[in-house]
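Have a look at the structure below, then the notes.
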Amino acid sequence: MKIKVFDSASEASKFTAKKISDLIKNSPESRLGLATGRTMDAVYNHLSNQHKIAPFDCSKVRAFALDEYVGLEPRDENSYRYYLDFHIFQSLGFDSNNTFLPDVHMADLNQAALEYENLIIKTGGIDLQILGIGMNGHIGLNEPGSKVDSRTRVVDLSESTLDSNRPLFKDAEIPKKAMTMGVGTILEAKEIVLLATGKTKAEIIKNLVNANVGADLPASFLKTHSNALLVLDKDSASLIS
Ligand code: GLP
8 MKIKVFDSAS EASKFTAKKI SDLIKNSPES RLGLATGRTM DAVYNHLSNQ HKIAPFDCSK
68 VRAFALDEYV GLEPRDENSY RYYLDFHIFQ SLGFDSNNTF LPDVHMADLN QAALEYENLI
128 IKTGGIDLQI LGIGMNGHIG LNEPGSKVDS RTRVVDLSES TLDSNRPLFK DAEIPKKAMT
188 MGVGTILEAK EIVLLATGKT KAEIIKNLVN ANVGADLPAS FLKTHSNALL VLDKDSASLI
248 S
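Sequential numbering of the sequence shown, starting at 8, is according to our numbering.
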């Protein structure tokens with residue numbers, strides 16, 4: 008896994024946004040895997056700004072979200088559907104028929120997970136997967152203990168993730184379960200970019216860089232991928248020697 012460190016979070020986010028826009032410009036029918044979360048806010052802001060200044064066609068891009076909370080309606084402001092619609096899909100003019108999230112509303116969630124996997128395969132697989140990282144090393148919502156060959160499935164969220172994401176829910180209760188692409192699903196992407204910014208991520212990034220590959224720190228599985236890049240700012244990289 009290569010590492011790139013930028014002077015500021017803004018530059019690291021801008022670089023990540025450019026990865027996305029370059030892919031779309033070069034290959035307008037590409038398939039994107041997208042993360043949510045606070046780290047991604049800046050990436051999608053940069054992307055929207057780039058698009059405002061010099062528009063590029065996103066109508067044929069197929070976009071796949073990493074995960075979704077079980078029990079949240081798409082119109083719920085805390086759902087990842089809402090997040091992605093609001094932060095990227097609408098401002099860049101994605102076709103809503105081409106934007107996908109795990110279907111957490113089907114009666115049979117195992118079936119929904121299988122259909123998500125099949126849909127990714129049917130469209131040709133993900134060209135570029137964007138990732139953040141949880142405080143415990145999760146990618147998507149693959150919590151510690153997730154296996155290298157795990158696929159899209161419903162997971163129980165860890166206390167660490169619930170504590171970290173609860174403030175985003177304001178007065179609402181945070182769901183305890185989510186459906187996430189598996190580690191195996193993520194590793195099948197042709198290219199992977201993991202972005203981590205800020206001092207709060209310094210400890211987990213240090214652990215990630217020093218970790219052996221294994222389920223204790225799911226992001227460590229990215230070290231087995233031939234085209235994975237860790238994008239950091241000075242703060243998140245501050246504990247790497
Ligand atoms: C969330 C998301 C992940 C994200 C991570 C970090 O739970 N499901 O995809 O990468 O946790 O979030 P943040 O950027 O808010 O720290």
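Even glycine gets a Cβ: it sits at the ideal position worked out from N, Cα and C.
Reduced DSSP category for K11 - H, G, I as helix; E, B as strand; rest coil: In the three-state DSSP reduction, K11 falls in the strand class (E or B).
F261, buried or exposed, once every other Cβ within 10 Å from all chains shown has been counted against 16: Here the chain covers residues 8 to 248 and nothing more, so residue 261 does not appear.
R160 burial status per 10 Å Cβ neighbour count (16 or more: buried): R160 sits buried, since 16 or more C-beta atoms from the chains shown fall within 10 Å of its C-beta.
Cβ-based burial, I212 [other Cβ within 10 Å; buried from 16]: Counting Cβ neighbours within 10 Å, I212 comes out buried, since at least 16 surround it.
C-alpha gap between K21 and L54, whole angstroms: Whole-angstrom Cα-Cα distance: 8 Å.
Extent of the continuous alpha helix (DSSP H) to which G191 belongs: According to the DSSP assignment, G191 belongs to the alpha helix (DSSP H) that extends over 190-194.
Near ligand 1: G144 beta-carbon under 8 Å from a heavy atom: Incorrect: G144 has no Cβ contact closer than 8 Å to ligand 1.
Per-residue DSSP class, three states only, for T207: Helix, per DSSP.
Anticipated Cβ contact below 8 Å, D83 with Y89, distance rounded: Distance from D83 to Y89 at the Cβ level is roughly 6 Å; contact confirmed, criterion being Cβ atoms closer than 8 Å.
Beta-carbon separation (whole angstroms), V50 vs Y76, contact threshold 8 Å: Contact doesn't hold; Cβ gap of about 21 Å is too wide.
Which of helix, strand or coil DSSP assigns to N105: Note: N105 maps to helix in three-state DSSP.
Proximal residues to M8 (C-beta, below 6 Å), its chain only, five neighbours per side dropped: Closer than 6 Å at Cβ, skipping near neighbours: L229, K230, A235, L237.
Residues bridged to V111 [DSSP beta-bridge criterion]: According to DSSP, V111 bridges with nothing at all.
When G40, L135, A70, V216 are compared against G100, the one with the closest alpha-carbon: Checked all of G40, L135, A70, V216; the closest Cα to G100 is A70.
Straight-line Cα distance separating G191 from L135: Roughly 15 Å separates the two Cα atoms.
DSSP three-state assignment for I181, whether helix, strand or coil: I181 falls in the coil class under three-state DSSP.
DSSP three-state assignment for R88, whether helix, strand or coil: In this structure, R88 counts as helix in the three-state DSSP scheme.
Ligand 1 heavy atom lying under 8 Å from the CB of D74: Correct: D74 has its Cβ closer than 8 Å to ligand 1.
Identified DSSP bridge partners for R69: BP columns for R69 point to R38.
Where A222 falls: helix, strand or coil (DSSP): The answer is coil: DSSP assigns A222 none of H, G, I, E or B.
Inter-stretch contact (C-beta, 8 Å, three-pair minimum) for the stretch 54-68 and the stretch 21-33: The stretch 54-68, when compared against the stretch 21-33, does touch it at the 8 Å Cβ threshold.
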